[in-house]
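Contents: one structure, followed by commentary.
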Amino acid sequence: MTKNLRVKSSKFVDETYKIYFKFNGKTYHGYKGDTLASALLANDIHLVGRSFKYHRPRGIMTAGSEEPNAIVQLHKNTSRTEPNVRATEVEIYEGLEASSQNCWPSVNFDIGGINNFLSPILPAGFYYKTFMWPASFWKKYEYFIRKSAGLGKSPTEPDPDIYEHRYIHCDVLVIGAGISGIIAAKIAAKNGFKTVLVDEKPYLGGSTIYQNSEYFKINNQISSSWLDKEINEIKKIENLEIKTRTSVAAFHGYNFLLAREDLLDHLPFNQRNNKIRQRLLKIRSKKVINATGSLERPLIFDNNDRPGILLSSAINKYANLYGVACGKKNVLFTNNDSVYETAISLNSKGINVEAIIDNREEVDSKLIKETENNKIKVYKGYTVVNTSGYKRINKVTIMQLSKDGQKAIGSKISINCDCLGISGGWTPAVHLFTQSGGKLKFREEDQVFIPNKYSSDQISIGSCNGDFTIDEILLSVPKNIKQFLSIKKTDFENFQAHSSFNKSKRNIWLLPSDKNIGKTMPFVDFQNDATAKDIKLALREGFRSIEHVKRYTTTGMGTDQGKLGNMHALGIISETTGSKMGELGTTTFRPPYTPLTFGTIVGRNVGEYFDTFRKTPIHDWHVRNKAEFENVGQWKRAWYYPKSGESMHDAVQRESKAARDSAGILDASTLGKIDIQGTDASEFLNRVYTNAWSKLAIGKCRYGLMLNEDGMVYDDGVTTRLAENHYIMTTTTGGAATVLGKLEDYLQTEWPELDVYLTSVTDHYATVSVCGPNSKQIVSKVIPDLNFSNESFPHMSFKNAKIGKIKCRVMRISFTGEHSYEINVQASYGKSVWERCMEIGKEFNITPYGTETMHLLRAEKGFIIVGQDTDATMTPIDLQMDWIVSKKKYDFIGKRSLYRSDTIREDRKQLVGLLTEDPDEVLEEGAQIVADINKSPVEMLGHVTSSYYSPNLKKSIALGVVRGGKKMLGQKLIIPMENKKINITVADPVFLDKENKRLNA
Amino acid sequence: MKKKYSIFSLIKNAFSYHENWEKAWKDPEPKKEYDAVIVGGGGHGLATAYYLAKKHNVKNIAVVEKGWIGGGNTGRNTTIIRSNYLWDASAGLYDHALKIWEGLSQELNYNVMFSQRGVMNLAHNLQDVRDLKRRTHANRLNGIDAVYLNTEEVKKFCPIINTSPNIRYPVLGGTLQKRAGTARHDAVAWGYARGADEMGVDIIQNCEVRGIKRNGDSVEGIETTKGFIKTKKIGVVAAGHSSVIANMAGLKLPLESKPLQALVSEPVKPVIDTVVMSNAVHAYISQSDKGELVIGAGTDDYISYSQKGSHDIVEGTLNAILELYPIFSRMRMLRQWGGIVDICPDASPIISKTTIKGLYFNCGWGTGGFKATPGSGDLFAHTIANDEPHKLNAAFSLNRFVSGDLVDEHGAAAVAH
Amino acid sequence: MFLINCPYCGEREQSEFKAGGEAHIVRPKQPTELSDDQWAEYLFMRKNIKGIQFERWIHIHGCRKWFNVARDTSNDVIKAVYKMGEKPPTN
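In the order they appear, the protein sequences are chains A, B and C.
Sequential numbering of the first sequence, starting at 605, is according to the numbering used here.
Sequential numbering of the second sequence, starting at 1368, is according to the numbering used here.
Sequential numbering of the third sequence, starting at 470, is according to the numbering used here.
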């Protein structure tokens, strides 16, 4: 039989709009406006989950984002499943399915509950002291520990929802739309500040909006009615943007904040498709107003965790906002006045309050009088010493408190109940303030930390600043905002606010019990099952800093990040060690304030937008012609072009042979291109390359090697002198951006006196490279007006030309060792020039080849690839490229480093050719090279950097680096693989056409 | 003798409501003089003190710590432990540490929860493949258990990785070291502290070093917030703040201190049972015994001691995580934090004497120091005790920056994480 | 994430910039005259200051100009921004 605890209609809940949902497989209903928690409570369900360590039954404890216990799994086994969702935050929608977590087989009967009985041997940190024997068993112990840990279950399918980012730049950001935030936002916006007001809840007005009581008045109106009018007014202000369901997650330096805006989670699934689920707001605000409110504190006593025990303010909210009674027999327990507000509320709605236990002896306020007038028994100077009821509280046991508050005295009184509301006073929500770098101070009177020093242009107002009551708020907020925004007058001058609260409070962090503390279960962190005795144990064992205690006991490490219990943990440490609260410090509040969905942080940067590719102007042609692609830096490069049925090996062999036998064509557009101009361009190149440039004739090309200042090879490429003061430099594909950055760095910071201008033109040109014995025939038909004779256009030279009306730059340069031309045209003509070459080259069997064939062809010639044959530990001398290091130049980048004691060693790793004993055996790139396999430990001399089967030489060839390799020509070495040894011989790295006949043919 | 921890001691103490446990370590005031003072009470510093006392018979030792022990990078890292490094020197160093890890819980009688769940490193492009194969071959010949996996094998070992060939950084393969894994970071500091304390080491917390007193080329002691402490040997293990201490002694080090960030998700039931690292996209992930996904990011590029990094780094890391693990999109970040790491130009550490007699530095571990903790402590203790490096840390001297004989784990693509 | 006041473009998000390490390390004019120790000092040794550091930044996704920043590395507060070639501020 389901019970109905709905007591009174509320304007926030639409009772004409029924919503059905499932909890643990059973169907219930609630109304539009309900949270899952309020709907469950209306059905008299308190037991929602099991705790982390002891698997104790736990119920709904709060009505907000600080909830530690009532966390559920939404939608099991679907792509929208979500673990650890707070029932207090989920707005119900048609089709919602929620289930309890961390229990098996069910929340009502959970095998893990046995841990509760084992709890005497499972104190804080027990796992550090055991599971060590036998040593090899940790893996087995850990298997069970891991299985029993965790809370909900991760999704197992990709997320169907969409997320996005939005940037907001504003003058004033107001965080929290309670009464303080609303007043602040109104003042700011009306004074012309571009203002944004955000609140995590779906409604505005915080807790004042349901404060319907004669005892709280503003200008003689009941506070909620007054605030309602204010809300209606601010909604009309133009330069005020209001965002509900928006939770500020992080407050970084320089007033940079991140907030999550929920857009879909309250809607039924059929209304969610193709819409944005959550938006990450990246807010940069000139000024920030923290109006984040405060959180009610629980009280710490034996068995304070049973289902049916809630914060008093939560009971009040469920009654007033949702029209739900949390119990039929309510008992309230407090150390301050705020439970009396709850009691009067409940009473006015006909909800029975059995008794109030107040640990203060002498209390006197209007509220208390009114409560007593309503015949509610108030036990003054009493404390709760125990509760009972396994899955729902059924009784509280109380005793008198000694004068000093240290002991429970007198006889026990039992009071039957089905709900206990507790209030330990209020804690300002200073999380965001401290995240921003703000420093707190401790206020002794009511034992709270409040903002003291700000790290940026911001202010805290209202209860997050320690002003808890509406009279304090209306007095302080307008005044502080006026000063903060430097304005003269507000709409809130001379307001009369009246609150019946008396501020007295009897703060006892850990309430005494009649039992030895060792026999009690006073929970401080409800989710992680950390008790006050765990904290005391930690202190006893020498863990004295708050961070040590937190880590040893796991206090404050749950999904609620200790919003309820952290203060008590501090208090208990301070009392136990005799240190002062203010001097103890707090633990660091780390972002985010409430957990933030990964998808929201990532936004649209998923799938194809994660990190976009660069494609050449000829890319579509490669795709159409079935190229396989390789990722190089940001680029997609054609890797090889398999014909139907061809393996990669077959394709590369065919392409390589065609390029040497007749003609090959390569898309070289991805190579970095830097335009260098200025009267000092030659001098600049002298300084950045290892070789000399001053004497390079106009129209000539030269290969250059660039080092880092540490002497190691950094990049290479061909640079062409286009005019007296004009060069075009090419870089490697992956290095283009960093090379440009490095050149700019030296130019601007070391050599600002040089007259040199650098422009990246990589994207402006497409480069088509045609090589092979027939390349000249093809290119001369593509560019008929150009004289291609060897005399006029020798190897390593350049010509301006035209294809029809299209201007192009033609370089006769080669990375394959073949007679070869590179045609550079404006990018938009790239594809048509490529297609023209293909068309004309048809009769010569022109064969498109990709990067793999390019690598093979250059390896036949012993040309290096920076990054493959080098690894930032290779000097040009190591590469046997001494010829490129100018001895005459006084200096160039990296020169000095070539003469350090280690870099001049003769036995450094040096680049050599490697030939296998078996010409069909192709070495694995990365394989290690040794001389003596029997030596122990094995001495590795180097490794294979590049390796291919050469169809032109009809044998396997490889490049590698070998310690002292320069002097090892002809020497036999071994490559020890997992299952075999391969015999190799050190060879000249140039395997083909050492005389460069083909180049000049 | 401290009382031994075991299931029996837990049961026994349960009868007295755990009221009779003794302190894991004392909280002494500093003496006037020590034979050696270790500056920095992180895992490396405490381990150094532990091995100095245990293996080198130095009895009068203090560890001075500015804050609380284990509160720096020891308590802020993603706890990855592996030894599959490329260069012989690194492999020797890290595998020395790994071997100690394998018996550390028993040695310390403190469960550091060393969990050999394997570490995978992913290859996302052809050069990654070459580099990882090169590293695997080197590892095998150095006696380190590493194997190369193809894409299917990667998927088999960690089924939740997206191995579709069509993603931005497709998984082309990877390496696996099965002996590698994770450990409980706090326990390492606490276990070494308890062990060192038992041998008489004074662990002095909330004691900040303000200056290093020299007499010519030798050290005479340290100025601290708790007064002057006389000593002839100072071992500095103050990750993040190494340069600050070095500057007090008039030294400059080849270090830059940068923010490194990490984050954890809310806890969930076991979903990833190994450690997966992807250097190409700077994303490292594992799951703690508590159930949280532990995710490591890269460093910011600017020097900072503020223990806060930029949001861009975290966002970039999660971009990569969702690319490789699209099922985690609805998981939530519970907590993010930063640490300060000091980074050497070659991404290898310094365990070295200095030009000042009696002053030793252990620093420059960059983003990957946690894994080396036991080995680093052992070798640093050796270096301090003998005024000579052990052969396993000889390559990690300060002099390598002069000679040029760097241990470039960075340039060799095996980024030292 | 801080804001940096580029001397050429004005205040922009940190993400538009890239840091270039300690400033005012002048490349030796005559490297060949230096000992290995002196060269190592230039190449690798850094003050790595905790406190006000003079450092180089480039507006890499903007004007691509290098400039200097005086920043407190203990809390990332930027105290001053000045152009290349200018002397660091004294206060």
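Every residue gets a Cβ at the ideal spot worked out from N, C-alpha and C, and that includes glycine.
Chain C residues whose Cβ lies nearer than 8 Å to that of residue i
{"i": "S1673 (chain B)", "result": "T542, S543, N544 and D545"}
Listed by chain order, chain A residues near residue i by CB distance under 9 Å
{"i": "K1625 (chain B)", "result": "What K1625 (chain B) touches in chain A: nothing, since even the nearest Cβ is about 16 Å away."}
Chain-ordered neighbours of residue i on chain B, where CB pairs are closer than 9 Å
{"i": "E701 (chain A)", "result": "Residues of chain B passing the Cβ test: none, with the nearest at roughly 15 Å."}
{"i": "E524 (chain C)", "result": "Y1669 and I1670"}
{"i": "E1395 (chain A)", "result": "Under the 9 Å cutoff, chain B gives no residues; its nearest Cβ is about 41 Å from E1395 (chain A)."}
{"i": "R1241 (chain A)", "result": "Within chain B, no residue comes near R1241 (chain A); the closest Cβ sits about 11 Å away, beyond 9 Å."}
DSSP beta-bridge partners of residue i
{"i": "V1406 (chain B)", "result": "B:V1431 and B:V1603"}
{"i": "P1626 (chain B)", "result": "B:I1707"}
{"i": "K1585 (chain A)", "result": "A:P1580"}
{"i": "Y1477 (chain B)", "result": "For Y1477 (chain B), which the question treats as bridged, DSSP gives no partner whatsoever."}
{"i": "H1547 (chain A)", "result": "A:Q1532 and A:V1565"}
{"i": "N990 (chain A)", "result": "A:T1001"}
{"i": "Q1100 (chain A)", "result": "None; Q1100 (chain A) has no bridge partner."}
{"i": "I772 (chain A)", "result": "A:I887"}
Chain B contact residues for residue i, given Cβ-Cβ distances below 8 Å
{"i": "F1595 (chain A)", "result": "By Cβ distance, chain B contributes nothing, its closest Cβ being about 20 Å from F1595 (chain A), past 8 Å."}
{"i": "G490 (chain C)", "result": "E1623 and I1670"}
Partners in chain B for residue i, counting only beta-carbon separations shorter than 7 Å
{"i": "S1251 (chain A)", "result": "Those do not exist, as S1251 (chain A) stays about 16 Å from chain B at its closest Cβ, beyond 7 Å."}
{"i": "M470 (chain C)", "result": "S1677, H1678 and D1679"}
Whole-angstrom distance between residue j and residue i, CA atom to CA atom
{"i": "L1759 (chain B)", "j": "D1462 (chain B)", "result": "10 Å"}
{"i": "K1499 (chain A)", "j": "L512 (chain C)", "result": "12 Å"}
{"i": "K1585 (chain A)", "j": "I1511 (chain B)", "result": "19 Å"}
{"i": "A1781 (chain B)", "j": "Q1703 (chain B)", "result": "Annotation note: pLDDT 32 at A1781 (chain B) (below 50); position unreliable, coordinate value reported separately. Computed Cα separation, rounded: 26 Å."}
{"i": "T896 (chain A)", "j": "F1037 (chain A)", "result": "9 Å"}
Assigned exposure category for residue i - 16 Cβ within 10 Å defines buried
{"i": "R496 (chain C)", "result": "exposed"}
{"i": "A739 (chain A)", "result": "exposed"}
{"i": "I766 (chain A)", "result": "buried"}
{"i": "E1529 (chain A)", "result": "buried"}
{"i": "Y1372 (chain B)", "result": "buried"}
{"i": "W1487 (chain A)", "result": "exposed"}
{"i": "A1301 (chain A)", "result": "exposed"}
{"i": "K498 (chain C)", "result": "exposed"}
{"i": "S1649 (chain A)", "result": "Since the displayed chain A opens at 605 and closes at 1605, residue 1649 (chain A) lies outside it and no answer follows."}
{"i": "D1709 (chain B)", "result": "buried"}
{"i": "E1456 (chain A)", "result": "buried"}
Supposed contact pair residue j and residue i - C-beta distance, whole angstroms, cut 8 Å
{"i": "V957 (chain A)", "j": "L936 (chain A)", "result": "7 Å"}
{"i": "F1392 (chain A)", "j": "K1406 (chain A)", "result": "Incorrect: roughly 14 Å between the Cβ atoms, too far for contact."}
{"i": "G1439 (chain B)", "j": "G1617 (chain B)", "result": "Not really, about 24 Å apart at Cβ, beyond 8 Å."}
{"i": "D962 (chain A)", "j": "Y983 (chain A)", "result": "7 Å"}
{"i": "T1684 (chain B)", "j": "H1411 (chain B)", "result": "The Cβ separation is near 26 Å, so there is no contact."}
{"i": "F730 (chain A)", "j": "L1377 (chain B)", "result": "6 Å"}
Interface residues of chain A facing residue i [CB-CB closer than 8 Å]
{"i": "D505 (chain C)", "result": "R1504 and S1505"}
Contact set between residue i and chain C, taken where Cβ atoms lie within less than 7 Å
{"i": "E1313 (chain A)", "result": "L512"}
{"i": "F1768 (chain B)", "result": "A509 and F513"}
Contacts that residue i makes with chain A (C-beta to C-beta distance below 7 Å)
{"i": "R496 (chain C)", "result": "E1354"}
Residue i: contacting residues in chain C (beta-carbon distance under 9 Å)
{"i": "N1614 (chain B)", "result": "K516, N517, I518 and K519"}
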